[in-house]
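K.L.:
Protein chains: 2
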Amino acid sequence: MEYEDLRIVDTPSLVRDHAISKLRNAISSGLYPPGARLVERELCEALGVSRTSVREALRQLQSENLVEVGRRRSINVAVITAQDAADIYMIREMLETQAIRRFVALSDDAERKALAAVHKRLVKALSKNDMAQLSAIASEFYERVLIGAKSRVIYEVARPLLARVNYLRIRSMAEPGRLDGGLKEWDAMMEAVQAGDADRAAEAMAVHLRNARAAIVARLEADEKTAIPAKRKAAS
Amino acid sequence: MEYEDLRIVDTPSLVRDHAISKLRNAISSGLYPPGARLVERELCEALGVSRTSVREALRQLQSENLVEVGRRRSINVAVITAQDAADIYMIREMLETQAIRRFVALSDDAERKALAAVHKRLVKALSKNDMAQLSAIASEFYERVLIGAKSRVIYEVARPLLARVNYLRIRSMAEPGRLDGGLKEWDAMMEAVQAGDADRAAEAMAVHLRNARAAIVARLEADEKTAIPAKRKAAS
DNA sequence: CATCTAATATTGTCATACAAACTGGAGGCC
DNA sequence: GGCCTCCAGTTTGTATGACAATATTAGATG
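Sequence lines, in order, name chains A and B. Counting from 1 along the first sequence, just add 161 to a position and that's the residue number in this note's numbering. Counting from 1 along the second sequence, just add 161 to a position and that's the residue number in this note's numbering.
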C-alpha cells in the first residue's frame, strides 16, 4: 500500500511524512474509528515524534478530510454519513471512469502488466475471503489505474477520496453477495483493459463503483438508523 | 471574497487561518506568481506570525495544491500547465453541473435571491470591464452554487479546484471576445436557475465552463510556447 | 444527589535551538 | 582569466519549552 520512493535523488524521508502515513493507516484500518478523538500528546507518544510534526501531519489530514475539527477545537476522525458516501462514490465514478479510459489509452506495457498482477492477487485474496487483504489490494488497483491515467490533477483529486472510503471498504465487501458480484466486476474491468476497449472498461468501472456504492450506502444507512453514538474513543 | 464567520458560538479566529487566507489571496491575486519561491522567514515577517503558524499554513496550502515542493524542499507557488488546467476544468464541469442541478432542486429562496444578486453585480462589473472585480464576483457565484447544492463532499472537492484556477481567471476573461460571450453564459445559467430548470442550468454551466476552459488552455499553451522561465521571484 | 469550584488537560501560538542540506563567494590554483 | 575548493550564511526539518485561553474532570459542598 505504501511504496517508498526509490528515486536516486532526493528523499531523506521526513518524519512528518512517516507520521502522516502511520496516521492514515491507523484510520483506514479502523484502529482509530470514525469520531475518535485524536489527542496530540498521545499521538506524539504513539508515533515517537514531537508535537511540531504531529501538528503538521494533522493539518494535512485535515485538508484531506480524513479528520475534522470538533466544536471545541478537538481533532476527530472524520465521520462519513451515508450521504457523504453516496456523494464520494458518485464523484469517484466520474473521475475513475475517466481515469480508466486514459489508462487504456496512455498506459505502457509495464503498467498494464502490473495492473494485471494486482488483479491476480485480488482474485486470490477473494477466494480466501481475506477482507483486510482484499481491501488493501483493491486500493492498490484503484491507485494504479489513477497513476496510469497520467493526469496529475485527476490523481490529486481522486486519491484523497479513495483514502476517505478506505475504512469503509472492508465492511462493504462483507455485505452478503458483494464478494461474488465483485469478482465478476473486477474481471470485466481487467478484461476490457487488456482488450484495449476504453468504453467497456469505463462501463465496467462504473458498474463496479455503483454496486460498491449501493452496498456501502445501505450499510451506513442501517448503521445510522440503529445507533446515534454520543462519543467514541480511540482504540488503545 | 472572505467572509468572517458570524456564528455566535465558537470562533476565536486562529492566527493560522488568517495566515492561510492571506496567502491564498496573495496567490490568487498574482502577488506571488506561479513558480515564486515562498521563504518561511519572509512569510513570517510579511504576515507577522511565527514560523510555527506559517508552516502549518503552508502544509494546508500544500494539500490544496496551491503550492508545491521544489526539488530541494523549497516551497513554490504551484505552476499550472495547460494540461492541468484542461483537467481541472473537465472535473469542474463534472462537479459543478451536478452542483447546479442540486442547487435548483435544493436551494431555498434566500439562496436563490443571493445568487441573483451576485449575478447582478457580475453584470455590472462586466459592463465596466473591471477584470479583478469580475473575477472575484465570479468566484463568489461559483461558490454560492456549491454551497446551495448542500453537499459537503461536492463542496470540499470542488472548492480547492476553484482556488487553483482563481489566478487564471483574470487572464482568461481578458481573452478577446470572452467577455461578451461570458455575459450570455451567465445570463443563461441564471435564467435557468430561476426557472427551476435543472437540465438547462446544468447545460448552461457546462457550456460556460467549456468555453472558459478553451480560453484558458489556449492562453496557457501560448504562454508555454513562448517562455520557459527558469526562475521567478515573488513580488515584493 | 445536584452544583459550583478548583485542579488538570488540551490546544494554539511563540521563541529558540540545532543538524543537515544547499547557496554563494572568496580565494587559491592552473 | 577561467575554474575549483572550501567556508560562511541560508533555509528547511525537527525538537523543546513556555504560556495563555479554554475545556474537562474531580472534588468539595450544600
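Yeah, the Cβ is synthetic: ideal placement off N, Cα and C, and Gly gets one too.
From the DSSP output, in three-state form, read off V215(B) for me.
P.N.:
Looking up residue 215(B) in the second sequence gives position 54. In this structure, V215(B) counts as helix in the three-state DSSP scheme.
K.L.:
Check whether the Cβ of S300(B) lies closer than 6 Å to any heavy atom of the ligand NAD, and answer yes or no.
P.N.:
Among the components of this structure there are no ligands whatsoever, and the ligand NAD is therefore not found.
K.L.:
On the DSSP bridge assignment, give the partners of N237(B) in chain order.
P.N.:
Translated into positions along the second sequence, residue 237(B) becomes position 76. Bridge partners of N237(B): R198(B) and E229(B).
K.L.:
Between the C-alpha atoms of C205(A) and L219(A), what's the straight-line distance to the nearest angstrom?
P.N.:
Numbered from 1 along the first sequence, position 44 holds the residue referred to as residue 205(A). Numbered from 1 along the first sequence, position 58 holds the residue referred to as residue 219(A). Spanning the two alpha carbons is a distance of roughly 11 Å.
K.L.:
Are the CB atoms of N237(B) and R185(B) nearer to each other than 7 Å?
P.N.:
Counted from its first residue, the second sequence places residue 237(B) at position 76. Counted from its first residue, the second sequence places residue 185(B) at position 24. No, the Cβ-Cβ distance between N237(B) and R185(B) is not below 7 Å.
K.L.:
Ends of the alpha helix (DSSP H) at V176(B)?
P.N.:
As a first step, residue 176(B) must be located in the second sequence, where it is residue number 15. Where V176(B) is concerned, the enclosing alpha helix (DSSP H) stretches over V176 to S189.
K.L.:
Assuming the contact rule is C-beta atoms closer than 8 Å, L381(B) and A246(B) should be a hit. Round their C-beta distance to whole Å, please.
P.N.:
Translated into positions along the second sequence, residue 381(B) becomes position 220. Translated into positions along the second sequence, residue 246(B) becomes position 85. Between A246(B) and L381(B) the Cβ distance is about 6 Å, and since that is below 8 Å, they are a contact.
K.L.:
DSSP three-state label for T387(B), please.
P.N.:
Position 226 of the second sequence, counting from 1, holds the residue named residue 387(B). Here T387(B) sits in helix by DSSP.
K.L.:
Under 8 Å Cβ to Cβ from Q223(B), same chain only, skipping five residues before and after it: list those, please.
P.N.:
Position 62 of the second sequence, counted from the first residue, corresponds to residue 223(B). Once the five neighbours on either side are set aside, the close Cβ partners of Q223(B) are E229, V230 and I236.
K.L.:
Kindly say whether D248(B), judged by its beta-carbon, lies nearer than 7 Å to any beta-carbon of chain A.
P.N.:
Locating residue 248(B) in the second sequence gives position 87, where the first residue counts as 1. Yes, D248(B) counts as interfacial toward chain A.
K.L.:
I need the DSSP call for P337(A), collapsed to helix, strand or coil.
P.N.:
To locate residue 337(A), count along the first sequence from 1; it is residue 176. It is coil, neither helix nor strand.
K.L.:
So the alpha helix (DSSP H) G309(A) belongs to, where does it begin and stop?
P.N.:
Within the first sequence, residue 309(A) is the residue found at index 148, counting from 1. Element bounds for G309(A): M292 to G309.
K.L.:
Just mark R177(B) as buried or exposed, buried being the case when its beta carbon has 16 or more other beta carbons within 10 Å.
P.N.:
Taking the second sequence and counting its residues from 1, one reaches residue 177(B) at position 16. With 16 or more other Cβ atoms within 10 Å, it is buried.
K.L.:
In its own chain, which residues sit with a C-beta less than 7 Å from the C-beta of R339(A), not counting the 5 before and 5 after it?
P.N.:
Counted from its first residue, the first sequence places residue 339(A) at position 178. Closer than 7 Å at the Cβ level, and outside the excluded window around R339(A), lie S333 and A376.
K.L.:
Could you tell me the distance, in whole angstroms, from the CA atom of G343(B) to the CA atom of V284(B)?
P.N.:
Stepping through the second sequence from its first residue, residue 343(B) is reached at position 182. Stepping through the second sequence from its first residue, residue 284(B) is reached at position 123. Taking the straight line from one Cα to the other gives about 10 Å.
K.L.:
Figure out for me which residue from S300(A), V215(A) and V354(A) has the closest Cα to the Cα of H179(A).
P.N.:
If you number the first sequence from 1, residue 179(A) lands on position 18. Per the Cα distances, V215(A).
K.L.:
Check whether the Cβ of E257(A) lies closer than 7 Å to any Cβ atom in chain B.
P.N.:
In the first sequence, counting from the first residue as 1, residue 257(A) sits at position 96. It does not; no Cβ of chain B falls within 7 Å.
K.L.:
Closer than 7 Å by C-beta to V240(A): which residues in its own chain qualify, once you throw out the five before and the five after it? Chain order, please.
P.N.:
For the purposes of this step, residue 240(A) is identified with residue 79 of the first sequence, where counting begins at 1. For V240(A), where only same-chain residues beyond five positions count, the Cβ hits under 7 Å are P195 and G196.
K.L.:
Who are the near neighbours of V326(A) in its chain, counting only those whose CB is closer than 6 Å to its CB and skipping five residues on each side?
P.N.:
Here residue 326(A) corresponds to residue number 165 of the first sequence, with the count starting at 1. Cβ neighbours of V326(A) beyond the five flanking positions: I249.
K.L.:
Give me the residue from R232(A), S182(A) and R233(A) with the minimum Cα distance to E217(A).
P.N.:
Taking the first residue of the first sequence as position 1, residue 217(A) is located at position 56. Closest option to E217(A), Cα to Cα, is S182(A).
K.L.:
So what's A396(A) in DSSP terms, helix, strand or just coil?
P.N.:
If you number the first sequence from 1, residue 396(A) lands on position 235. Confidence at A396(A) is low in this model, with a pLDDT of 42, below 50, so the placement of that residue is unreliable and no value is reported for it.
K.L.:
Quick one: which chain A residues come within Cβ less than 9 Å of D348(B)?
P.N.:
Translated into positions along the second sequence, residue 348(B) becomes position 187. Going along chain A, no residue has its Cβ under 9 Å from D348(B), so there is no contact; the nearest lies around 27 Å.
K.L.:
Indicate the three-state DSSP secondary structure (helix, strand or coil) for G343(A) in the structure shown.
P.N.:
For this step, residue 343(A) is matched to residue 182 along the first sequence. Helix, per DSSP.
K.L.:
If you check the beta carbons only, do A411(B) and V265(B) fall under 7 Å apart?
P.N.:
For chain B, the structure presents residues 162 to 397; residue 411(B) sits outside this window and is missing.
K.L.:
Under the three-state reduction of DSSP, which class applies to T242(A): helix, strand or coil?
P.N.:
Translated into positions along the first sequence, residue 242(A) becomes position 81. Looking at T242(A) - three-state DSSP - the assignment turns out to be coil, as it is neither helix nor strand.
K.L.:
What's the gap between the Cα of L323(A) and the Cα of S300(A)?
P.N.:
If you number the first sequence from 1, residue 323(A) lands on position 162. If you number the first sequence from 1, residue 300(A) lands on position 139. Going by the C-alpha atoms only, they are around 7 Å apart.
K.L.:
Below 8 Å between beta carbons is the criterion; list the residues of the segment 308-341 of chain A that meet it against any residue of chain B, in chain order.
P.N.:
Correct list: S312, R313, V314, I315, E317, V318 and L322.
K.L.:
Suppose you measure from the CA of R330(A) to the CA of L295(A); what does that come to, to the nearest Å?
P.N.:
Here residue 330(A) refers to the residue found at position 169 of the first sequence. Here residue 295(A) refers to the residue found at position 134 of the first sequence. Distance between the alpha carbons of R330(A) and L295(A): 9 Å.
K.L.:
Got a sec? Which residues, its chain only, sit under 6 Å from R282(B) by beta carbon, not counting five neighbours each side?
P.N.:
On the second sequence, residue 282(B) is found 121 positions in, with the first residue counted as 1. Closer than 6 Å at the Cβ level, and outside the excluded window around R282(B), lie I298.
K.L.:
Report the neighbours of D269(A) on chain B: residues whose CB is nearer than 8 Å to its CB, in chain order.
P.N.:
By one-based count along the first sequence, residue 269(A) stands at place 108. Those within 8 Å of D269(A) in chain B number zero; the least Cβ separation is about 18 Å.
K.L.:
Using Cβ-Cβ distances below 7 Å, what residues of the segment 218-231 of chain B are close to chain A?
P.N.:
Cβ contacts with chain A: R220, Q221, S224, E225 and N226.
K.L.:
Could you tell me the distance, in whole angstroms, from the CA atom of Q244(A) to the CA atom of I315(A)?
P.N.:
Walking along the first sequence from the start, residue 244(A) turns up at place 83. Walking along the first sequence from the start, residue 315(A) turns up at place 154. Approximately 23 Å between the Cα atoms of the pair.
K.L.:
Between V306(A) and I261(A), which are expected to be in contact by the criterion C-beta below 8 Å, what is the C-beta distance as a whole number of angstroms?
P.N.:
Reading the first sequence from its first residue, position 145 is the one you call residue 306(A). Reading the first sequence from its first residue, position 100 is the one you call residue 261(A). About 5 Å; that satisfies the 8 Å criterion.
K.L.:
Distance check for R313(B) and K386(B), CA to CA, integer angstroms please.
P.N.:
On the second sequence, residue 386(B) is found 225 positions in, with the first residue counted as 1. On the second sequence, residue 313(B) is found 152 positions in, with the first residue counted as 1. So the two alpha carbons sit approximately 39 Å from each other.
K.L.:
May I ask you to report which of helix, strand or coil DSSP gives Y316(B)?
P.N.:
By 1-based counting over the second sequence, the position of residue 316(B) is 155. Residue state, collapsed to three classes: helix.
K.L.:
For a contact meaning CB atoms closer than 7 Å, what does R212(A) contact in chain B?
P.N.:
On the first sequence, position 51 is the one that residue 212(A) refers to. The premise fails here: R212(A) is roughly 10 Å from chain B at the closest Cβ pair, so nothing lies under 7 Å.
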